[in-house]
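Input: a single structure, listed below in structure tokens.
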Amino acid sequence: MSQFYDGLNSPRFTRAAVLVGFALLFMFHLFPIGLSDLYWHLNTGRWIWEHHALPSNDPFTYTLSGVLDGRQRLILQGYWLAQLLFFVVHAIFGMWGLVILKAALFFTLYWLVWRSLLRVGVYPLLALIAILILPWLLYRYDELRPQIFSFLGVVLVYSNLSRSLDALRDGVMKPIALISLPLIMLVWANMHPGFILGWVIIIAMLAGVMINQYRGIHQISRSALRHLLLWCVLALLASLVNPIVDALITNLSAIQHPTERQIDEYFPLLDYARMYQQPSLFYGVLALGLITFSGMILRWQQITFANAVLFIGFAVAGFYAFRYMIFFVLIALLIGVPHISALIASRVEKIKVIVLVLLISLSGLAYLTYQRGAWKQGAVETTYVPEQAANFIHTQKPPAPLFNAYEYGGYLGWQLASEYRMFIDPRGLNDAAQDEYQIARGGHYQKAFEEYGVNSVAFYIFTPVVHSIPEITLYLLMDSQWDLVYVDKISVVMIRHSQNTLPVIDKAPLLGYLQRVLENALVKAPKNTQALVQYGRVLYFRGDVVGAQQHFRTALQINPQLRAPRFYLESIAQRQRRSNGVEQ
């Protein structure tokens, strides 16, 4: 048996495991492009390419006008280099080119983490397990978005500075890892505004060096210190060479705007995991944090000031907001795993556990890879992407202005840029439009439609991921002022009756189907207040006033704070009083 485990611990087995692991990691990210932010990034990249400039106002929505504030400029101009890259790749290779680019970028991220861990002596199989953890925690972060360059930047800056400090202590005055920092920060700052995290890492590690110099431990020569400070300052200055530096540095509200707090990515990690029913996301990050923190505590004498500050700071940020979680995961792996590896070094009995965990990780990753591979579904994931609806709008040209689903805004804006501007898209540039959208989506669409002169609506039948029926879709189907002109499995297109010249589709079959969906939802969850109100609304539309009142009252009994059922009950009461008055 010992010979068997010796074989598992051999270089040949390690090389084979690493080869299989990295092959799976690359293939894992060869999944279709879904309903993501990529499309508005593509749209912006195309606009920059065609106009040879950065947009100074929003070319894609009709609800934003006037002078841009810092946050709006940050969104419009802060990703320009990544957006150009995405557009050029798409122009040459199409959507498959973007799928492969996505896989290549994430593969590079894994490779950088892997090499960083090996450089500090982490046991190779443990280093492989560490990077195999990442795909399980990349929920919604595994899309092709400019943020991938901040993932890469965090790893590059931390590992390059760590390597540079080792080289400076060994007497190498100008290590490549150090003099490459300005270039890394320059490119990063024009790819994604997350380059501020590079500042955090550089400043924390410089502070750690200064403290060590004062304490007389892990010191470097004065000449080496001067070189370190020089190249770090150059790196910080290089990152200021970007079009949104004034918006990002002088207007910090650009990254902590009240609107951002309404975006789910800014929810605390626990709340986010609960909302999307992903408890493993929270507990996985928590487990990783506790394990790596425990290893650091057990080896507290080897913990540097910089590493302690970075680990704790990124941990607080990661649990405070889902958006920052992945950065904590990367830092936890880079800082914590070397201590875990040191603790299990020379303990042969641990090899069994490591190999078992490795095989389980590889098997799980292989299963996920097979389930969602692009070779099975194509380069575009059509479950939520309104591909057919976009084609209908492009060919049939329903009258503008177009009111669209928030999630559809990026894709429709990309596909219909030369013909239509959107009401809203995932950038959320206009606070007022964002509020008006939420009110309209909730079924009270008359005010927004009149204010902006909306003539056409493109919306989904079921809310992506959550799978609930949006009120605006249901209520427009019951509104005689709006014609249904297009429907498929995921989307509807409706036109104001007075402006419609296209063939009309009978609404009754779709409305009947949605009624049955609501009935089934109430059988499974009788206290679902949204389904109760929607079903009551359908019953009221179809003349069952008593049934409608019953469902509205039940919803109020469950939640007395609800305004919609109270509004409908008052409306029914007023109509009944008027009817009784006429009869008398």
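Numbering (our numbering), first residue to last: 91 to 674.
The C-beta atom is built at its ideal place from N, Cα and C for all residues, glycine as well.
Since we're looking at a predicted model, the values are computed, not measured.
- For residue 389 and residue 420, the gap between their C-alpha atoms comes out near 20 angstroms.
- Of the residues 131, 187, 119, the one whose Cα lies closest to the Cα of residue 166 is 131.
- Rounded to the nearest whole angstrom, the CA to CA distance from residue 608 to residue 568 is 15 angstroms.
- Taking C-alpha positions only, residue 299 is separated from residue 247 by approximately 15 angstroms.
- The Cβ atoms of residue 242 and residue 202 sit closer than 8 angstroms to each other.
- Residues of the same chain with a CB within less than 6 angstroms of the CB of residue 630, apart from the 5 flanking positions on each side, are 638 in chain order.
- If you draw a straight line from the Cα of residue 125 to the Cα of residue 252, it is about 38 angstroms long.
- Within the same chain, 223, 419, 422 come within 7 angstroms of residue 378 by CB-CB distance, once the 5 residues on both sides are set aside.
- Membership of residue 548 in the beta strand (DSSP E) is indicated by the continuous run 546–550.
- With fewer than 16 other Cβ atoms inside 10 Å of its own Cβ, residue 369 counts as exposed.
- The bridge partners DSSP lists for residue 151 are 512.
- Cβ-Cβ distances below 6 angstroms link residue 284 to 240 in the same chain, with the five nearest sequence neighbours on each side left out; the list follows chain order.
- When DSSP states are grouped into helix, strand and coil, residue 576 belongs to the strand group.
- Listed in chain order, the non-local C-beta contacts of residue 576 below 6 angstroms within the same chain comprise 482, 583, local neighbours out to five positions each way being set aside.
- The shortest C-alpha to C-alpha distance from residue 554 to any of 288, 404, 579 is the one to 579.
- Bounds of the alpha helix (DSSP H) holding residue 138 are 128–141.
- The region 378–451 contains, as complete alpha helix (DSSP H) runs of 4+ residues, the segments 395–410, 415–434 (chain order).
- With at least 16 other beta carbons inside 10 angstroms of its own, residue 641 counts as buried.
- Taking every protein chain shown into account, the CB of residue 385 has 16 or more other CB atoms within 10 angstroms, so this residue is buried.
- Of the other Cβ atoms in all chains shown, fewer than 16 fall within 10 Å of the Cβ of residue 263; this residue is therefore exposed.
- DSSP places residue 646 in the uninterrupted alpha helix (DSSP H) bounded by 635–648.
- The Cβ atoms of residue 503 and residue 515 sit closer than 8 angstroms to each other.
- DSSP places residue 632 in no beta strand (DSSP E); its state is neither H nor E.
- Taking every protein chain shown into account, the CB of residue 278 has 16 or more other CB atoms within 10 angstroms, so this residue is buried.
- Residue range 492–494 is occupied by the beta strand (DSSP E) that includes residue 493.
- Three or more Cβ pairs closer than 8 angstroms define a contact, and the region 186–193 falls short of that threshold against the region 523–530.
- Counting C-beta pairs with one atom in each stretch, the region 542–551 and the region 457–464 have fewer than three that are closer than 8 angstroms, which means they do not touch.
- Take residue 618, set aside five residues on each side of it, and the residues of its chain with a beta-carbon closer than 7 angstroms to its own are 611, 612, in chain order.
- Less than 8 angstroms separates the beta-carbon of residue 455 from that of residue 114.
- Under DSSP, the beta-bridge partners assigned to residue 586 are 572.
- Residue burial is scored here from C-beta neighbours: residue 397 has at least 16 other C-beta atoms within 10 angstroms and is therefore classed as buried.
- Less than 8 angstroms divides the Cβ of residue 428 from the Cβ of residue 211.
- Cβ-Cβ distances below 7 angstroms link residue 517 to 130, 165 in the same chain, with the five nearest sequence neighbours on each side left out; the list follows chain order.
- Distance from the CA atom of residue 627 to the CA atom of residue 155, rounded to whole angstroms, is 36 angstroms.
- With distances taken between CA atoms, residue 443 lies nearest to 216 out of 216, 238, 142.
- Between the beta-carbon of residue 488 and that of residue 551 there is about 17 angstroms, and that puts the pair past the 8 angstroms contact cut.
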